[in-house]
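*Asks:* Chains A and B, in that order, are what the protein sequence lines are. Oh and the first sequence: position 119 is 119 in our numbering, straight run, nothing missing. Take any residue in the second sequence, note its place counting from 1, add 1000, and you have its number in our numbering. Beta carbons are placed, not taken as given, at the ideal position from N, Cα and C, and that holds for glycine.
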Amino acid sequence: MSVESPAHAAAHGAVGHEPSQPHGNGHGLVAHQFEDAPQQREAALLGMWSFLATEVLFFGGLITAYVVYRWKAPVQVAVASHHLNVALGCINTCVLLVSSFLVALAVAEAHRGNARKVVQLLIGTIVLGVAFLGIKAVEWTADYHEGLIPFAANWQIPSHDLEILAQRGIDADQFGLYKLFWVLYFFMTGLHGIHVLVGLGVFAVVAALVWQRRRSKNFANLVEVTGLYWHFVDIVWVFLYPLLYLIDRHGPGH
Amino acid sequence: MVHSADAHEPHIIPFRTNLAVFIALMVLLFVTVGVAYLDLGPLGLPVALAIATIKAALILLYFMHIRYASRLQWIFSSAAFLWLGIMILITMSDYLSRGWLNVDGK
Chain A
1 MSVESPAHAA
11 AHGAVGHEPS
21 QPHGNGHGLV
31 AHQFEDAPQQ
41 REAALLGMWS
51 FLATEVLFFG
61 GLITAYVVYR
71 WKAPVQVAVA
81 SHHLNVALGC
91 INTCVLLVSS
101 FLVALAVAEA
111 HRGNARKVVQ
121 LLIGTIVLGV
131 AFLGIKAVEW
141 TADYHEGLIP
151 FAANWQIPSH
161 DLEILAQRGI
171 DADQFGLYKL
181 FWVLYFFMTG
191 LHGIHVLVGL
201 GVFAVVAALV
211 WQRRRSKNFA
221 NLVEVTGLYW
231 HFVDIVWVFL
241 YPLLYLIDRH
251 GPGH
Chain B
1001 MVHSADAHEP
1011 HIIPFRTNLA
1021 VFIALMVLLF
1031 VTVGVAYLDL
1041 GPLGLPVALA
1051 IATIKAALIL
1061 LYFMHIRYAS
1071 RLQWIFSSAA
1081 FLWLGIMILI
1091 TMSDYLSRGW
1101 LNVDGK
């Protein structure tokens, strides 16, 4: 809008170009490029959703690769998938779901302007995120000791798996597709793990900012957009867990 | 989609709703793990994906507030999944139809 309405101009006049002055609308502060608090919130949310759209396709590339691979080599997927620890995967899913629940509560408290509760809930989330990565590290270490990390010095297809592949009539030149499961597994869980790690760092910064702004209460949008990112990371895991751990429990590999 | 009567007030999801969604997510997690140990044959994959999709929808609608969000946010958030669908659909239509022409190398 090139011409401001008189009422609007008057509202802005008191604020000038100083973004750290309250707008007096009960929503904390409005940066000078925005008309009002709802527009500022909408812009923040749309910005995060745009980023998340690119993230969906970032993980989507790997998911598409997995779909093609699974279609091409169902036996190799099933045999390799059998090494994953369903119980640890389940515990980790619980950990992430609880953390998402805490973040949902933190967003509600942020809208109520309750800085202390937001910080407590975010610290809880960070603790759970660290637990997730810890459990993931235990799994990856076990994979390493089984020689299941592709291109590691001790990589080898377990002899039991070689027998099953041979029984199922898989030629030796198709054994590379067994290795591909582990390449995809470490890329998918690794990329997800990096996102968890980034989320932990961002939450630490957000918790500090919320505490810093506890008097101005200008933190609702900050907490909400960070929350969107964390829930997205949760959704990715909601799909990775069944795809990688669960759906081949009855396939060859017992 | 439900629009809050006053679009200027951010909708604060009550604790009870968040708790109900969380409990539903946990129940669905244990259902999907339990179902994985039943031999459903070719149905195993679609059932697991259906449960995962319901879980993702609950997270999107409630934890990510899409149920209470503007139509523009609704479009932004579905566009990503639409494009993912296009990517998988076109990729697989290529792989699945390659043998149909009986041409060597195709």
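The alpha helix (DSSP H) with Met48 (chain A) in it runs from where to where?
*Replies:* Run containing Met48 (chain A): 37 to 72, per the alpha helix (DSSP H) assignment.
*Asks:* Is there a Cβ from chain A that is less than 7 Å from the Cβ of Thr1017 (chain B)?
*Replies:* Closer than 7 Å: no.
*Asks:* Quick one: measure Cβ to Cβ for Val75 (chain A) and Arg168 (chain A), integer angstroms, because I've assumed they're closer than 8 Å.
*Replies:* Correct: roughly 5 Å between the Cβ atoms.
*Asks:* Kindly examine the ligand GTP and report whether one of its heavy atoms sits closer than 6 Å to the Cβ of Pro1014 (chain B).
*Replies:* This structure simply doesn't include the ligand GTP, nor any ligand for that matter.
*Asks:* For Ala104 (chain A), would you say it is in contact with chain B, using Cβ-to-Cβ distances shorter than 7 Å as the test?
*Replies:* Yes, because at least one Cβ of chain B sits closer than 7 Å to the Cβ of Ala104 (chain A).
*Asks:* If I follow the unbroken alpha helix (DSSP H) through Val1027 (chain B), where does it start and stop?
*Replies:* Counting along the chain, the alpha helix (DSSP H) containing Val1027 (chain B) begins and ends at 1015 to 1036.
*Asks:* Gly1044 (chain B) touches chain A at which residues, Cβ-Cβ below 7 Å?
*Replies:* Residues of chain A passing the Cβ test: Ile247, His250.
*Asks:* Just the chain D side, please: which residues come within less than 7 Å of Tyr1095 (chain B) by C-beta, in chain order?
*Replies:* Looking at the structure shown, chain D is missing, and the protein chains on hand are A and B.
*Asks:* Within its chain, find whatever has a CB closer than 7 Å to the CB of His23 (chain A); leave out the 5 residues flanking it on each side and keep chain order.
*Replies:* Reliability of the predicted coordinates at His23 (chain A) is poor, the pLDDT of 45 falling under 50, and no value is obtained from them.
*Asks:* Are there 16 or more other CB atoms within 10 angstroms of the CB of Trp71 (chain A), so buried, or fewer, so exposed?
*Replies:* With fewer than 16 other Cβ atoms within 10 Å, it is exposed.
*Asks:* Could you confirm whether any beta carbon from chain A is found closer than 7 Å to the beta carbon of Ala1050 (chain B)?
*Replies:* Judged by the 7 Å Cβ criterion, Ala1050 (chain B) is not in contact with chain A.
*Asks:* On a CA-only basis, which of A:Leu184, A:Val95, A:Gln156, A:Ser100 is nearest Lys286 (chain A)? Give me that one, please.
*Replies:* Past the edges of chain A, shown from 1 to 254, lies residue 286 (chain A), and the structure says nothing about it.
*Asks:* Can you tell me whether Leu266 (chain A) is helix, strand or coil according to DSSP?
*Replies:* Residue 266 (chain A) lies beyond the residue range present for chain A, which begins at 1 and ends at 254; the question has no answer from this structure.
*Asks:* How about Gly267 (chain A): is its C-beta nearer than 7 Å to some C-beta of chain B?
*Replies:* What the structure shows of chain A is the stretch from 1 to 254, and residue 267 (chain A) is not part of that stretch, so it cannot be assessed.
*Asks:* Measuring straight from C-alpha to C-alpha, what distance separates Val1031 (chain B) and Ala204 (chain A)?
*Replies:* Roughly 34 Å separates the two Cα atoms.
*Asks:* Nearest-angstrom Cα distance between Gln21 (chain A) and Asn218 (chain A)?
*Replies:* Caution is warranted here: a pLDDT of 47 is assigned to Gln21 (chain A), below 50, making its placement in the model unreliable, and the coordinate value is therefore given only provisionally. Distance between the alpha carbons of Gln21 (chain A) and Asn218 (chain A) is about 11 Å.
*Asks:* Would you say Ile1075 (chain B) lies against chain A (beta-carbon separation less than 7 Å)?
*Replies:* Cβ-Cβ to chain A under 7 Å: no for Ile1075 (chain B).
*Asks:* How many Å lie between Val86 (chain A) and Leu1101 (chain B) at the Cα?
*Replies:* Computed Cα separation, rounded: 42 Å.
*Asks:* Which whole runs of the alpha helix (DSSP H) in the segment 191 to 240 of chain A are 4 residues long or more, in chain order?
*Replies:* Listed in chain order, the complete alpha helix (DSSP H) runs (minimum 4 residues) inside the segment 191 to 240 of chain A are 220 to 240.
*Asks:* With DSSP collapsed to three states, give me the class of Val30 (chain A).
*Replies:* Of the three classes helix, strand and coil, the one that applies to Val30 (chain A) here is coil, per DSSP.
*Asks:* What does the alpha-carbon distance come out to for the pair Leu184 (chain A) and Glu1009 (chain B)?
*Replies:* When rounded, the distance between both Cα atoms is 44 Å.
*Asks:* I need the straight-line Cα distance from His231 (chain A) to Leu240 (chain A), nearest angstrom please.
*Replies:* Approximately 14 Å between the Cα atoms of the pair.
*Asks:* Given that Asp1039 (chain B) touches chain A, what residues does it touch there, using C-beta distances under 7 Å?
*Replies:* Neighbours of Asp1039 (chain B) on chain A, chain order: His250.
*Asks:* Quick one: what's got a C-beta closer than 6 Å to Ile1088 (chain B)'s C-beta in the same chain, skipping five residues either side?
*Replies:* Nothing listed; no residue qualifies.
*Asks:* Taking only three categories from DSSP, how would you classify Arg249 (chain A)?
*Replies:* In this structure, Arg249 (chain A) counts as coil in the three-state DSSP scheme.
*Asks:* Show which residues of chain A have a CB atom less than 8 Å away from the CB atom of Trp1083 (chain B).
*Replies:* Those within 8 Å of Trp1083 (chain B) in chain A are Ala53, Val56, Leu57, Gly60.
*Asks:* Look up Ile1054 (chain B) in the DSSP assignment and say whether it is helix, strand or coil.
*Replies:* Ile1054 (chain B): helix per DSSP, three-state reduction.
*Asks:* From what residue to what residue does the alpha helix (DSSP H) around Arg1067 (chain B) run?
*Replies:* Premise fails: Arg1067 (chain B) is in no alpha helix (DSSP H) and is neither H nor E.
*Asks:* Going straight from the alpha carbon of Phe175 (chain A) to that of Leu209 (chain A), what length do you get?
*Replies:* Using only the alpha carbons, I get a separation of about 52 Å.
*Asks:* What residues in the segment 108 to 136 of chain A bring their beta carbon closer than 8 Å to a beta carbon of chain B?
*Replies:* If the cut-off is 8 Å between Cβ atoms, the segment 108 to 136 of chain A has Ala108, His111, Arg112 near chain B.
*Asks:* Below 8 Å on C-beta distance, what does Ala1079 (chain B) contact in chain A?
*Replies:* Within chain A, the residues near Ala1079 (chain B) are Ala53.
*Asks:* So which of A:Ile91, A:His82, A:Glu109, A:His32 has the shortest CA-CA distance to Gly134 (chain A)?
*Replies:* Of A:Ile91, A:His82, A:Glu109, A:His32, the residue nearest in Cα terms is A:Ile91.
*Asks:* CA-CA distance, Glu4 (chain A) and Lys117 (chain A)?
*Replies:* Because the pLDDT at Glu4 (chain A) is just 42, under 50, the model does not fix this residue reliably, and the value given afterwards should be weighed accordingly. Answer to the nearest angstrom: the Cα atoms are 39 Å apart.
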